[in-house]
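Some notes on the structure that comes next.
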Amino acid sequence: LMAEQERLAAIDVLTGLRNRRAFQQQIAVEISRASRYGTPLGLLLLDVDHFKQINDSQGHAGGDRVLAALGALLRDRLRTPDIPARWGGEEFVVALPNTDLAGAALAAERLRSAVASATIRHGNIDIRVTISIGVSALDGSETLEALTERADQAMYAAKVKGRNCVMVSEAKPDLAAAANDK
9 LMAEQERLAA IDVLTGLRNR RAFQQQIAVE ISRASRYGTP LGLLLLDVDH
59 FKQINDSQGH AGGDRVLAAL GALLRDRLRT PDIPARWGGE EFVVALPNTD
109 LAGAALAAER LRSAVASATI RHGNIDIRVT ISIGVSALDG SETLEALTER
159 ADQAMYAAKV KGRNCVMVSE AKPDLAAAAN DK
């Protein structure tokens, strides 16, 4: 009973994905592992485009249906070791263990395309949505905050670019190494 309560406390009821707290616990392990063994770790931060319009036109039940469908799509389209979660509101996050920046960008584009071509049925209405995705990859012993901040900035750039696209955040330059190279 206790194990079931712990599991339920880690799952977002609407999407069936990990919640933010559970994701943060798991990604801390993945960051530690990637840093220790020198393996890549990609991160996707995605946001449903014009989500407020969906809630306004279809009500919160329609918005909830969209979020649930996106949760299912993420579970179906990602690899077993990948870690999708609901980040908050209409934002989702995905950790991609053993995936470099180029691989993460490829995974992001596949997800973006799958969402754009999906039809979400709500009552007698078909809802079409798009997502904007920011991509980053672990840069050395970077913190979760820095990794997600770079993905968030890339996601914002995708919104500014016109939405329904993927933007990649390059690693921050190592200023100390650059100074030593001179």
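Going letter by letter, the sequence shown gives residues 9 to 190 in the numbering used here. No residue lacks a Cβ here, since even glycine has one placed at the ideal position from N, Cα and C. A quick note: this is a predicted structure, and the numbers were derived from the prediction, not measured.
The beta carbon of Gly111 is closer than 8 Å to those of Pro48, Gly50 and Leu104 in its chain, skipping five residues each way along the sequence. In this structure, Asp90 is the residue among Gly97, Thr138, Asp90 and Arg171 with its C-alpha nearest to the C-alpha of Leu52. The Cβ neighbour count for Asp134, taken over all protein chains shown within 10 Å, is under 16; the residue is labelled exposed. In the structure shown, the three-state DSSP call for Gly71 is helix.
In the three-state DSSP reduction, Glu38 falls in the helix class (H, G or I).
A straight line joining the alpha-carbon of Gln161 with that of Asp55 spans about 12 Å. 9 Å or more divides the Cβ of Gly71 from the Cβ of Asp20. Taken in chain order, the complete alpha helix (DSSP H) segments of 4 or more residues contained in the segment 48-109 are 59-85. Annotation: Ala76 to Gly24 spans about 8 Å, alpha carbon to alpha carbon. Fewer than three beta-carbon pairs drawn from the segment 40-47 and the segment 124-133 are found closer than 8 Å, and the two stretches are therefore not classed as touching. Each residue's CA atom was taken as its position, placing Leu86 and Val37 some 19 Å apart. Residue environment: Glu153 is assigned as exposed (fewer than 16 neighbouring CB atoms within 10 Å of its CB, all protein chains considered).
Judged by DSSP in its simplified three-state form, Val176 adopts strand. Note: Ser149 is not bridge-paired with any residue in the DSSP secondary-structure output. For the pair Ala116 and Val74, the CB atoms are not nearer than the 9 Å cut-off. Within a 10 Å sphere around the beta-carbon of Ala113 sit 16 or more other beta-carbons, which makes this residue buried.
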